[in-house]
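Engineer: Sharing a structure, written as structure tokens. Questions coming.
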Amino acid sequence: MDDFLELTVSAMASGCIYGLMALAYLIVLRPTSIINFAIGEWSATGAFVGVGMLSTLAWPRFEGPYILAIVAVVVVLGLLGWAVERLTVRPLIRRGAAVTSPILALLGVLVIFRESLTLIYGADPLPSPPPFGFKRIEIGAFAGASQQFFIIAVTLSLFALVWLFFERTVWGRAFEAVALNRRAAALMGINLGRVTALAFAGGAAVAGLAGLLMSPMTSAHYMMGLPLAIQGFTALVIGGVGRVEGALLGGLILAFVEQLGARYLPIPSGLTLAFPFALLILFLLLRPTGLIAPREAR
Amino acid sequence: MRALLWLASIIAASLLAFMLGGYATDVYRKMLVWIALALSYNFLFGVAGQIAFSQFAFAGVGAYGVVILAHKLGLPFGVALAGAIALCSLLAFIVAVPSTRLEGFYLALATLAFAQLFLVVVNEGGDLTGGTGGIAGYRLPDVFGYTLRGPWYTVVLVLLVALTLHILLRLERSSFGRACRAIKDNPAVAAAMGIDVRRTKVITFTLTSTLAGLAGAAYAYVDNVINPPVFGLDNIFLLLFMIIVGGMGRPAGAMLGAVLLYLAPFVLEPIVGHAYLVLFGVLVVLAILFQPKGLIGLIDRLVDRLGPEQRA
Amino acid sequence: MTTAPLIKVEGLTKRFGGLVAVEDLSFDVESGEILALIGPNGAGKTTTFNLIAGVLVPSAGHIALDGQRIDGMPVHRIAGLGMMRTFQHNMPFAGMSLTANVLIGSHRKLRASVLDILAGRSFVRDEETQARQRAGELIDFVGLNAYRGADVTTLSFGEGRLLEIARALAGSPRVILLDEPAAGLTTAEISRLSAMIRRIAADGVSVLLVEHDMHFLLPLAHRVVVLNFGRKIAEGGSRDIVRDPAVKEAYLGEAAGALREGAPDA
């Protein structure tokens, strides 16, 4: 039982990371219909920026307080996302290019980011200090690493914030209006360019935070992006490409299936790597709209 | 006239095989496999507009298929080859049917999952697939009494490229190719004109994946070694980049892109090290932004400017 | 005409959530007949058009083409049965030549499978030659001869409309559906279009059109079906329609003036 409860904490934490990645996709996907596979590399970038702000292992070797690292990740990744939108996505949208064009351009961006990270930070993994050390924490019957609880707390707060943004603010409403009907939204006076730029900046910031939160468990590494991108994507498909809460739900389901399967199913551990893909295929086959359907334009 | 041109090109490309040697032969052979893969991927992605990430997975099915059937299970080579290719077609069909049911990027997602799943299976396949180390130490058996070794195997690869090109050109210039282009541009309108969009997509995906399998089977005997990383996601990005840089939807563009991006690292790596990959990324972004027709589009424009009087 | 109607629409109803866009609509179209569907904005014309074209599935009722039910059928199969359409906002296939665009319309008639093509069978080439010849004739018919090899994105709006018609005709349709064909055209283009539609119908092709422009429509249509709030409020020849009190009522304040001006005997 203890074993199961500990597994629950660890699955919750992984699920939160996947959920954040799914959210990063979603923020960009909803208003633009663009699947941005580069967010995996953006989370790796977030991890490296964090390491640089917290330790002497990477530039700028700042050794600052954790809150400053979070702010730095949000600001730097937000700016990078904004710049990528400005330089690659916006000219394509303005030209009226097919939606595949920005998606392919972003694959180019993915490679640029990944290889730049190896050039700047090297190919070796860099350990990332967790904000509360390597303590074990017990809350009631639940026990786990402090970082796992930290991930869960930050993710839940972030999802609450994003949910409030979409449901309660004029800007969030504008996002949703653009998602439902670009042309009508433009006619209503919503600035499409600004919504798209904000979507990329926001998506990048969320992905960067996911990378920062994840990095104490896996170290910051230039190869950490692609698996995160795929897992986030699977979470998105499971949860449904519509709503914020679906992203979190999808992430948690994926993580629980992964970890419970690896722990209790009598199959070689290597094959458990196949779970997310099997789950992705299963959902594409049986429930391609995901568990939580988007709001429909009538 | 056209037949002569084909023959001359095949002979020229084969002669090159006898002139090269050692390391250059190895580079040339792998380049030929890349060209074959780029050609079929170009039809799928550049002509028919389907984004899939499974081209190398199917090459892997072809490669592992033929090696396992022929050398692990001991089937006659012809049967093993036919079996591996049939397996590719079957798997491609199974992947395509559900994932073309819906619009959008479901094919991209399903093929991404399939490609990753393939890697997991190969890595965990134990003795049968050789796990992470792959399979080595087998040799191409004699085919119809001929021992295809050295430059003669390179000729086989030249014929593979020629066959792939021939099949795809014939398709592209037919009503089927036209239907593919129409679907790429606007599936809803294509359907309104009586084109069965899903059927066309399934056929295209199955066919190009089968051609990928054939190229993979040929690759298996280039070094007489196969291992999982070759069939991973990094190579599919490179294949995609080759087509974008060379010119989407044009066989000549795909071939040009494959040759350039395959050979570029040999020149660039000694100078800039791994940074050449950053250059590739930049090149792709620039191509999409400023030269969507790729290098072949640039060449077209140059030819137009040089000889406007010769234009039809 | 005493033969069975080519298109039979019966009890057609379409609901979107709580909104009824089309309610219990019935009408027929004969072979070679030009039937116009009109009505004020929001009357359900476009919904009806999309139901017949197969883009939408009816909530109730059925649609038959030559006795065969087509409601709920996939769009490409409806086209395959000989119902071709044009789009209100021209939808050419960009990146393909004008001729290739028209050829796409002929696809419902082509029998070559992928295997036939790969095997290089001779009928494939014959079929293609025939389709090309027919496409050439149609390009002549709509008067776009000068643009054969042109990039379709360079065509003017009016020329794009003509391409739409040529592409639909390439499928040798039994019915052609025209979605606001006169919208955005100049007066000269409209009169050419009218003549063209008459010739198409004279060849035995049924023409079903949804239209706003009364000047264009009233002299052209053999029969008019008037919709308002999703229901049929009148049906008949152009002359009777403009005198119908229910129609006048529906159009009051919107297009009453247009109705009067556009009457063929005015």
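Chains as they are written, first to last, in this note's numbering: chain A, 1 to 298; chain B, 1001 to 1312; chain C, 2001 to 2266.
Ideal Cβ placement from N, Cα and C applies to all residues, glycine included.
(1) With a CB to CB cut of under 7 Å and the five nearest residues on each side skipped, what residues in its chain are close to B:G1134?
(2) Taking 9 Å as the CB-CB limit, is B:I1195 close to chain C?
(3) Secondary structure at A:K135, three-state DSSP: helix, strand or coil?
(4) Output needed for B:I1011: all residues of its chain with C-beta closer than 8 Å, excluding positions within five of it in sequence on either side, in chain order.
(5) Just confirm the distance between the C-beta atoms of C:I2052 and C:L2178, as a whole number of angstroms; I'd bet it's less than 8 Å.
(6) In the segment 101-113 of chain A, which residues sit with their C-beta less than 7 Å from some C-beta in chain D, listed in chain order?
(7) Any beta carbon of chain B sitting closer than 9 Å to that of C:A2146?
(8) Please tell me whether A:G242 has its Cβ less than 9 Å away from any Cβ of chain B.
(9) Roughly how many angstroms separate the alpha carbons of B:G1145 and B:A1212, rounded to a whole number?
(10) Could you compute how far the alpha carbon of B:G1126 sits from the alpha carbon of A:L285?
(11) Out of C:F2093, C:G2054, C:R2231 and C:V2175, which has the shortest C-alpha to C-alpha gap to C:L2163?
(12) Hey, A:F200 and A:E85: beta-carbon distance below 9 Å or not?
(13) For C:V2124, return the contacting residues in chain B, with the cut-off set at a CB-CB distance below 9 Å.
(14) Which chain A residues sit within Cβ distance under 8 Å of B:P1098?
(15) What does A:A145 pair with, by DSSP beta-bridge criteria?
(16) A:V178 CB to nearest chain B CB: under 9 Å?
(17) Output the residue ranges of the alpha helix (DSSP H) runs that lie fully inside the segment 1107-1158 of chain B and measure 4 residues or longer, sorted by chain position.
(18) Along the chain, which unbroken stretches of the beta strand (DSSP E) at least 3 residues long are found entirely within the segment 2177-2227 of chain C?
(19) Less than 9 Å between CB atoms is the rule here; does C:E2128 satisfy it with respect to chain B?
(20) Does DSSP classify C:G2061 as helix, strand or coil?
(21) Anyone know if the C-beta pair for C:R2161 and C:L2185 falls short of 9 Å?
(22) What's the call for C:A2266, buried or exposed, on a 16-neighbour Cβ count within 10 Å?
(23) Using a Cβ-Cβ cut-off of less than 7 Å, list which residues of the segment 1263-1275 of chain B approach chain A; keep chain order.
(24) Count the CB pairs spanning the segment 53-66 of chain A and the segment 29-36 of chain A that are closer than 8 Å, and state whether there are at least three.
(25) With a cut-off of 9 Å, does the C-beta of C:A2166 fall near any C-beta of chain B?
(26) Could you name the residues of the segment 2178-2189 of chain C whose beta carbon sits closer than 8 Å to any beta carbon of chain B, in the order they occur along the chain?
(27) Quick one: what's got a C-beta closer than 6 Å to A:P130's C-beta in the same chain, skipping five residues either side?
(28) Classify C:M2083 as helix, strand or coil using the three-state DSSP reduction.
(29) Could you tell me whether the Cβ of A:L119 comes closer than 9 Å to any Cβ of chain B?
(30) I'd like to know whether the C-beta of A:F237 is nearer than 9 Å to at least one C-beta of chain B.
(31) State the CB to CB distance for the pair B:S1099 and B:A1086, rounded to an integer number of angstroms; the pair is presumed to be in contact (CB under 8 Å).
(32) Assign A:Q231 to buried or exposed, taking buried as 16 or more other Cβ atoms, counted over all protein chains shown, within 10 Å of its Cβ.
(33) Helix, strand or coil for C:E2010, going by three-state DSSP, please let me know.
(34) So C:A2234 is in the beta strand (DSSP E); what residue range does that whole segment cover?
(35) Between A:A247 and the rest of its own chain, which residues show a CB-CB distance below 7 Å, the 5 nearest in sequence each way excluded?
(36) Output needed for A:V74: all residues of its chain with C-beta closer than 6 Å, excluding positions within five of it in sequence on either side, in chain order.
Structural biologist: Looking at the atomic coordinates:
(1) As a working mapping, residue 1134 of chain B is identified with position 134 in the second sequence. Same-chain partners within the cutoff: V1225, I1226, N1227 and P1228.
(2) By one-based count along the second sequence, residue 1195 of chain B stands at place 195. Yes - at least one Cβ of chain C is within 9 Å of the one on B:I1195.
(3) As a working note, residue 135 of chain A is residue 135 in the first sequence. Looking at A:K135 - three-state DSSP - the assignment turns out to be coil, as it is neither helix nor strand.
(4) Sequence index remark: in the second sequence, residue 1011 of chain B carries index 11 (1-based). Closer than 8 Å at Cβ, skipping near neighbours: no residue.
(5) As a first step, residue 2052 of chain C must be located in the third sequence, where it is residue number 52. As a first step, residue 2178 of chain C must be located in the third sequence, where it is residue number 178. Contact flag wrong, Cβ pair sits at about 12 Å.
(6) Going by chain labels, chain D is absent from the structure shown, which instead holds the protein chains A, B and C.
(7) The residue given as residue 2146 of chain C occupies position 146 in the third sequence. No, no contact with chain B.
(8) Within the first sequence, numbered from 1, the residue matching residue 242 of chain A stands at position 242. A:G242 does not count as touching chain B.
(9) The count along the second sequence starts at 1 and reaches residue 1145 of chain B at position 145. The count along the second sequence starts at 1 and reaches residue 1212 of chain B at position 212. So the two alpha carbons sit approximately 27 Å from each other.
(10) Taking the first residue of the second sequence as position 1, residue 1126 of chain B is located at position 126. Taking the first residue of the first sequence as position 1, residue 285 of chain A is located at position 285. Cα to Cα, the separation comes out at about 29 Å.
(11) The count along the third sequence starts at 1 and reaches residue 2163 of chain C at position 163. Per the Cα distances, C:F2093.
(12) Position 200 of the first sequence holds residue 200 of chain A. Position 85 of the first sequence holds residue 85 of chain A. For A:F200 and A:E85, yes; Cβs fall inside 9 Å.
(13) Along the third sequence, one-based indexing puts residue 2124 of chain C at 124. Neighbours of C:V2124 on chain B, chain order: S1174 and S1175.
(14) For the purposes of this step, residue 1098 of chain B is taken as the residue at position 98 of the second sequence. Residues of chain A passing the Cβ test: L284 and L285.
(15) Within the first sequence, the letter at position 145 stands for residue 145 of chain A. Answer by DSSP bridge pairing, in chain order: A:R136.
(16) Numbered from its first residue, the first sequence carries residue 178 of chain A at position 178. So no, A:V178 is outside the interface.
(17) 1126-1129
(18) 2206-2210
(19) Counting from one through the third sequence, the residue named residue 2128 of chain C turns up at place 128. Chain B contact via Cβ: present.
(20) Translated into the one-based positions of the third sequence, residue 2061 of chain C becomes position 61. DSSP places C:G2061 in strand when its eight states are reduced to three.
(21) The residue given as residue 2161 of chain C occupies position 161 in the third sequence. The residue given as residue 2185 of chain C occupies position 185 in the third sequence. Their beta carbons are under 9 Å apart, which means C:R2161 touches C:L2185 by this criterion.
(22) Reading the third sequence from its first residue, position 266 is the one you call residue 2266 of chain C. Because the pLDDT of C:A2266 is 34, which lies under 50, any placement of that residue in the model is unreliable, and the number read from its coordinates should be weighed accordingly. Under this definition C:A2266 is an exposed residue.
(23) H1274 and A1275
(24) no
(25) The sequence position of residue 2166 of chain C within the third sequence is 166, counting from 1. No, its Cβ sits nowhere closer than 9 Å to a Cβ of chain B.
(26) none
(27) Position 130 of the first sequence, counted from the start, is the residue given in the question as residue 130 of chain A. Within the same chain, A:P130 has close Cβ partners Q147 and P216.
(28) As a working mapping, residue 2083 of chain C is identified with position 83 in the third sequence. Note: C:M2083 maps to strand in three-state DSSP.
(29) One-based indexing of the first sequence puts residue 119 of chain A at position 119. Yes, because at least one Cβ of chain B sits closer than 9 Å to the Cβ of A:L119.
(30) The count along the first sequence starts at 1 and reaches residue 237 of chain A at position 237. Rather than Phe, the amino acid found at residue 237 of chain A in this sequence is Val. A:V237 counts as touching chain B.
(31) Position 99 of the second sequence, counted from the first residue, corresponds to residue 1099 of chain B. Position 86 of the second sequence, counted from the first residue, corresponds to residue 1086 of chain B. About 21 Å separates the two Cβ atoms, so there is no contact after all.
(32) Translated into the one-based positions of the first sequence, residue 231 of chain A becomes position 231. With 16 or more other Cβ atoms within 10 Å, it is buried.
(33) Looking up residue 2010 of chain C in the third sequence gives position 10. Strand at C:E2010.
(34) Reading the third sequence from its first residue, position 234 is the one you call residue 2234 of chain C. R2231 to G2236 is the extent of the beta strand (DSSP E) around C:A2234.
(35) Here residue 247 of chain A refers to the residue found at position 247 when the first sequence is read from its first residue. Cβ within range, chain order: G19, A22, L23, L26, A235, L236 and G239.
(36) Here residue 74 of chain A corresponds to residue number 74 of the first sequence, with the count starting at 1. The answer, listed in chain order, is A205.
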